[in-house]
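Residue numbers (this note's numbering): 53 to 346.
Cβ coordinates follow ideal geometry from the N, Cα and C atoms, glycine included.
Have a look at the structure below, then the notes.
The following block contains the structure:
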């Protein structure tokens with residue numbers, strides 16, 4: 053069963069493209085018709101593409117990897133921040149920091165600087181600074197929080213990038229392609245889908261349109277995270293049961309007889325008292341005959 057349907061997308065205005073004169077010919081396969089000088093997106097194809105993208109994101113989340121959402125345009129900021137933070141995924145809604153992916157270690161240093169400032173505040177060191185120094189530090193902390201606060205827990209490169217506007221976020225797309233990071237994107241009729249691995253033909257300007265697509269993606273991610281947790285719980289239960297079963301098995305202790313112990317002496321005495329088996333008379337007579345013959 054598809055994650056969304058034609059009517060839901062139609063109601064959200066996902067089908068509205070850009071003016072005909074602004075179109076990109078590479079989006080022709082996803083355009084249904086032209087009406088009043090505006091291209092109309094084929095929502096039947098959008099439904100299919102939404103399902104493909106959601107299924108892929110679900111598997112990425114299930115594997116424990118991270119997905120970075122990028123939406124710096126005004127219409128998308130609040131929607132993305134609200135829905136993506138709910139599934140604990142990183143996102144960028146302010147200016148894309150150059151080198152965010154290609155120069156990731158430097159970005160991590162900036163994030164660590166933010167953590168260092170928090171530590172100074174917590175241990176009381178911050179109080180020892182002058183008023184001017186405190187002001188500078190607080191401003192620096194606020195700036196870092198605004199630009200990098202939403203990616204503070206991104207300790208390594210993301211496994212995928214989800215972009216709301218391909219044209220506006222072209223720098224992010226370029227960096228992702230350079231590092232072979234798969235790109236998922238809402239692509240309008242004026243955009244070039246060439247560098248996008250998972251194209252979702254949709255209106256990327258309307259808040260309702262953005263919300264309905266992001267909602268489906270985050271639901272898929274939530275499902276992947278839930279399935280991962282269930283698998284981890286089952287593995288933990290199986291390991292605990294195996295450990296319990298191992299402990300329940302009786303341990304066979306090997307007793308070692310030590311010379312001088314009562315048990316050792318008793319066995320020695322029994323061995324000495326054991327009757328010696330005598331040879332049959334016929335065998336004895338045969339041995340005597342052989343000795344005489346020699």
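Residue range of the alpha helix (DSSP H) that includes residue i
i           : result
residue 253 : Segment 250-253 is the beta strand (DSSP E) holding residue 253; no alpha helix (DSSP H) there.
residue 120 : Where residue 120 is concerned, there is no enclosing alpha helix (DSSP H), although the beta strand (DSSP E) it sits in stretches over 119-122.
residue 156 : 156-174
residue 209 : Element bounds for residue 209: n/a, residue is neither H nor E.
residue 223 : 222-230
residue 125 : Neither: residue 125 is in no alpha helix (DSSP H) and is coded neither H nor E.
residue 64  : 58-64
Backbone CA spacing between residue i and residue j [nearest angstrom]
i           : j           : result
residue 93  : residue 227 : 28 Å
residue 116 : residue 124 : 26 Å
residue 156 : residue 195 : 18 Å
residue 75  : residue 102 : 21 Å
residue 65  : residue 260 : 7 Å
residue 287 : residue 267 : 30 Å
residue 273 : residue 106 : 8 Å
residue 202 : residue 216 : 17 Å
residue 271 : residue 119 : 13 Å
residue 209 : residue 63  : 36 Å
residue 87  : residue 78  : 19 Å
residue 84  : residue 284 : 45 Å
residue 289 : residue 113 : 22 Å
residue 169 : residue 183 : 15 Å
residue 293 : residue 137 : 36 Å
residue 223 : residue 81  : 25 Å
residue 197 : residue 190 : 10 Å
residue 352 : residue 291 : Missing from the structure shown is residue 352; the chain here goes from 53 to 346 and no further.
residue 295 : residue 279 : 24 Å
residue 90  : residue 152 : 35 Å
residue 188 : residue 122 : 29 Å
residue 172 : residue 193 : 12 Å
Beta-carbon proximity list for residue i, same chain, < 6 Å, skipping 5 on both sides
i           : result
residue 219 : 243
residue 263 : 131
residue 204 : 163
residue 133 : 145
residue 233 : 213
Residue i, enclosing beta strand (DSSP E) - first and last residue
i           : result
residue 92  : 90-93
residue 86  : 83-87
residue 276 : Note, residue 276: premise wrong, no beta strand (DSSP E); alpha helix (DSSP H) at 259-300.
residue 187 : Looking at the DSSP string, residue 187 is not in any beta strand (DSSP E); the run it does join, the alpha helix (DSSP H), is 183-200.
residue 235 : 235-239
residue 204 : First-last for residue 204: undefined, no H or E at that position.
residue 71  : 68-71
C-beta atoms of residue i and residue j nearer than 8 Å
i           : j           : result
residue 258 : residue 60  : no
residue 213 : residue 235 : yes
residue 277 : residue 139 : yes
residue 17  : residue 154 : Since the displayed the chain opens at 53 and closes at 346, residue 17 lies outside it and no answer follows.
residue 110 : residue 221 : no
Cβ neighbours of residue i in the same chain (closer than 7 Å, five flanking residues each side left out)
i           : result
residue 108 : 250
residue 225 : 215, 218, 235 and 247
Beta-carbon contacts of residue i that lie in its chain and below 8 Å, excluding the five residues immediately before and after
i           : result
residue 55  : 102, 103, 106, 268, 271 and 272
residue 200 : 149, 159, 162, 163 and 166
residue 186 : 178
8 Å Cβ cutoff, residue i in contact with chain D
i           : result
residue 164 : The structure shown contains no chain D; it is built from a single protein chain.
query: Do the region 143-151 and the region 174-185 meet, that is, are 3 or more Cβ pairs less than 8 Å apart?
result: no
query: Can you find at least 3 beta carbon pairs, one from the region 223-242 and one from the region 62-76, that sit closer than 8 Å?
result: yes
task: Taking 8 Å as the threshold, find out whether the region 245-253 comes into contact with the region 98-107 through three or more Cβ pairs.
output: yes
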